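Everything on this sheet refers to the single structure shown next.
Residue numbers (my numbering), protein chains in the order written: chain A, 0 to 151; chain B, 5 to 232.
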């Protein structure tokens, strides 16, 4: 308990106060996330949607920080222990950038060189009826040629 | 825990032997490394979800998929409502877990028992919510290999969406289930005075780390599947 001094009773009170504070922060962050999530329903502007998603990701990271730092108590551990855990996780920075960029590049290349694939993404289909589920593989059709005769 | 450590030792001294360099017991350090490896597993799942989503032209709108809740009238349109409840259940159970760990540090057996029971109830409540949601989606026609939901722009969707959803929430749900089992074992051990005999409640702390990790993963799963 390096973050509090005094008698055990005072330390205990300090820890409980910290738990309360973090609980309130996590709740507020979640509520803000949900407000943004509701605001995104029906939002048509691509820029606004992207900004909302970016904000949600930042709030998500803030929540993760508070859980790990305070609930899991990592903030009050020895610095070397923190480093052995946090530094390897920095690999995620590269993972996320590399894989998402690769996925995006694959989509762009496919749309460019596979016209059929690209056309599929512009054809609207009817939603299936409810009921009689899970009875065959024809229930759900991927974007295949039979779905859209207009493309022939 | 100890208040006697006044002078902070230099790096060389802390690794010079005779003391715990990380000032943490072996089991706790190993729990941290296990959780780190588990974070990579979940990270791999979520990043592959992101990669597939980035490589696909259309994707279902989560608000059109997750829009019901138990005892809701037919055709209700209430996106985000049920998953908010699930999120708050998990946050609250994480808070009661912290309180249990704190009670353990004070050798307060009654406090540990009370908060562990609350944590277990929270975990079971979360699992029940997830079971309802899976069941609901299954009856809408969603499962591994079956996706009744169209893309947000009305084009035909692939089964990637449901495959990832059931795999990742299933893997997380399995972690919640394991956490509830671990917490029940901790509760039984507390009731049997195992930790009183040992003179410390460090096991509760390690179970707590695991439980917070489950909450942490849900923060990511919730955001990525339901909000983005």
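Ideal Cβ placement from N, Cα and C applies to all residues, glycine included.
A quick note: this is a predicted structure, and the numbers were derived from the prediction, not measured.
#1: Taking CB distances under 8 Å as the criterion, tell me whether residue 31 of chain A reaches chain B.
#2: Could you tell me whether any Cβ in chain E is nearer than 8 Å to the Cβ of residue 63 of chain A?
#3: Output needed in chain order: residues of the region 91-105 of chain A with a Cβ under 7 Å from some Cβ in chain B.
#4: Could you check whether the Cβ of residue 114 of chain B sits closer than 8 Å to any Cβ belonging to chain A?
#5: Would you please state the rounded distance, in angstroms, between the beta carbons of residue 102 of chain B and residue 24 of chain A? I believe it to be under 8 Å.
#6: Applying the 10 Å Cβ sphere with the 16-neighbour rule, what's the burial state of residue 211 of chain B?
#7: Closer than 8 Å by C-beta to residue 82 of chain B: which residues in its own chain qualify, once you throw out the five before and the five after it? Chain order, please.
#8: So, using beta-carbon positions, are residue 173 of chain B and residue 201 of chain B closer together than 8 Å?
#9: Going by alpha carbons, who is nearest to residue 48 of chain B out of A:55, A:38, A:113 and A:98?
#10: As a quick exercise: from A:109, A:13 and A:30, pick the residue whose alpha carbon is nearest that of residue 227 of chain B.
#11: Any idea if residue 82 of chain A is buried or exposed, counting beta-carbon neighbours within 10 angstroms, 16 or more meaning buried?
#12: From which residue to which residue does the alpha helix (DSSP H) around residue 212 of chain B run?
#13: Quickly, what does DSSP pair residue 123 of chain A with across the bridge? List them, please.
#14: With burial defined as no fewer than 16 other Cβ atoms inside 10 Å of the residue's Cβ, what is the status of residue 165 of chain B: buried or exposed?
#15: I'd like to check one pair, residue 120 of chain A with residue 61 of chain B: are the Cβ atoms closer than 8 Å?
#16: Pick helix, strand or coil for residue 36 of chain B, following the three-state DSSP scheme.
#17: Between the Cα of residue 149 of chain B and the Cα atoms of B:41, B:28, B:170 and B:206, which residue gives the shortest distance?
#18: Rounded to whole angstroms, what's the CA-CA distance from residue 102 of chain A to residue 109 of chain A? Just pull it up for me.
#19: Based on the DSSP output, what are the partners of residue 100 of chain A in its beta bridges?
#20: Judging by CA-CA distance, which residue of B:64, B:42 and B:41 is the nearest neighbour of residue 167 of chain B?
#21: For residue 191 of chain B, which option in B:175, B:151, B:217 and B:122 has the closest C-alpha, if you only look at C-alpha atoms?
#22: Chain B beta carbons: is any one of them nearer than 8 Å to that of residue 42 of chain A?
#23: Residue 118 of chain A by DSSP, collapsed to three states: which one?
#24: Confirm, please, whether the CB-CB distance from residue 216 of chain B to residue 98 of chain B is below 8 Å.
#25: Looking at residue 52 of chain A and residue 288 of chain B, is the spacing between their C-beta atoms short of 8 Å?
#26: Would the region 23-38 of chain B count as touching the region 153-162 of chain B if we require 3 or more Cβ pairs under 8 Å?
#27: According to DSSP, is residue 93 of chain A helix, strand or coil?
Taking the definition as stated:
#1: Here residue 31 of chain A corresponds to residue number 32 of the first chain, with the count starting at 1. For residue 31 of chain A, the answer is no, since every Cβ of chain B falls outside 8 Å of its Cβ.
#2: Included in the structure are the protein chains A and B, with no chain E among them.
#3: 91, 94, 95, 98, 99, 101, 102, 103 and 105
#4: Here the question's residue 114 of chain B lines up with position 110 in the second chain. No, no contact with chain A.
#5: Counting from 1 along the second chain, the entry for residue 102 of chain B is found at position 98. Counting from 1 along the first chain, the entry for residue 24 of chain A is found at position 25. Not really, about 13 Å apart at Cβ, beyond 8 Å.
#6: Numbered from 1 along the second chain, position 207 holds the residue referred to as residue 211 of chain B. Buried, because 16 or more other Cβ atoms sit within 10 Å of the Cβ of residue 211 of chain B.
#7: Translated into the one-based positions of the second chain, residue 82 of chain B becomes position 78. Closer than 8 Å at Cβ, skipping near neighbours: 71, 72, 73 and 76.
#8: Position 169 of the second chain, counted from the first residue, corresponds to residue 173 of chain B. Position 197 of the second chain, counted from the first residue, corresponds to residue 201 of chain B. Cβ atoms of residue 173 of chain B and residue 201 of chain B: not closer than 8 Å.
#9: Along the second chain, read from residue 1 onward, the residue named residue 48 of chain B stands at position 44. Checked all of A:55, A:38, A:113 and A:98; the closest Cα to residue 48 of chain B is A:98.
#10: Taking the first residue of the second chain as 1, we reach residue 227 of chain B at position 223. Checking every option, the nearest Cα to that of residue 227 of chain B belongs to A:30.
#11: Position 83 of the first chain holds residue 82 of chain A. Classification of residue 82 of chain A: exposed, given that the 10 Å Cβ count is below 16.
#12: The residue you call residue 212 of chain B lines up with position 208 of the second chain. That run of the alpha helix (DSSP H) goes 206-226.
#13: Along the first chain, one-based indexing puts residue 123 of chain A at 124. Answer by DSSP bridge pairing, in chain order: B:159.
#14: For this step, residue 165 of chain B is matched to residue 161 along the second chain. Residue 165 of chain B comes out buried.
#15: Position 57 of the second chain, counting from 1, holds the residue named residue 61 of chain B. Position 121 of the first chain, counting from 1, holds the residue named residue 120 of chain A. Yes. Within cutoff.
#16: On the second chain, residue 36 of chain B is found 32 positions in, with the first residue counted as 1. The answer is helix: DSSP assigns residue 36 of chain B an H, G or I state.
#17: Here the question's residue 149 of chain B lines up with position 145 in the second chain. Out of B:41, B:28, B:170 and B:206, B:170 has the C-alpha closest to the C-alpha of residue 149 of chain B.
#18: In the first chain, residue 102 of chain A corresponds to position 103, counting from 1. In the first chain, residue 109 of chain A corresponds to position 110, counting from 1. The alpha-carbon atoms of residue 102 of chain A and residue 109 of chain A are separated by roughly 11 Å.
#19: Counting from one through the first chain, the residue named residue 100 of chain A turns up at place 101. According to DSSP, residue 100 of chain A bridges with nothing at all.
#20: The residue given as residue 167 of chain B occupies position 163 in the second chain. That would be B:64, whose Cα lies nearest to the Cα of residue 167 of chain B.
#21: The residue you call residue 191 of chain B lines up with position 187 of the second chain. For residue 191 of chain B, the nearest C-alpha among the options comes from B:122.
#22: Here residue 42 of chain A is taken as the residue at index 43 of the first chain, counted from 1. So no, residue 42 of chain A is outside the interface.
#23: Within the first chain, numbered from 1, the residue matching residue 118 of chain A stands at position 119. Correct three-state label for residue 118 of chain A: helix.
#24: Along the second chain, read from residue 1 onward, the residue named residue 98 of chain B stands at position 94. Along the second chain, read from residue 1 onward, the residue named residue 216 of chain B stands at position 212. Their beta carbons are under 8 Å apart, which means residue 98 of chain B touches residue 216 of chain B by this criterion.
#25: Outside the shown range of chain B (5 to 232) lies residue 288 of chain B, about which nothing can therefore be said.
#26: no
#27: Locating residue 93 of chain A in the first chain gives position 94, where the first residue counts as 1. Here residue 93 of chain A sits in helix by DSSP.
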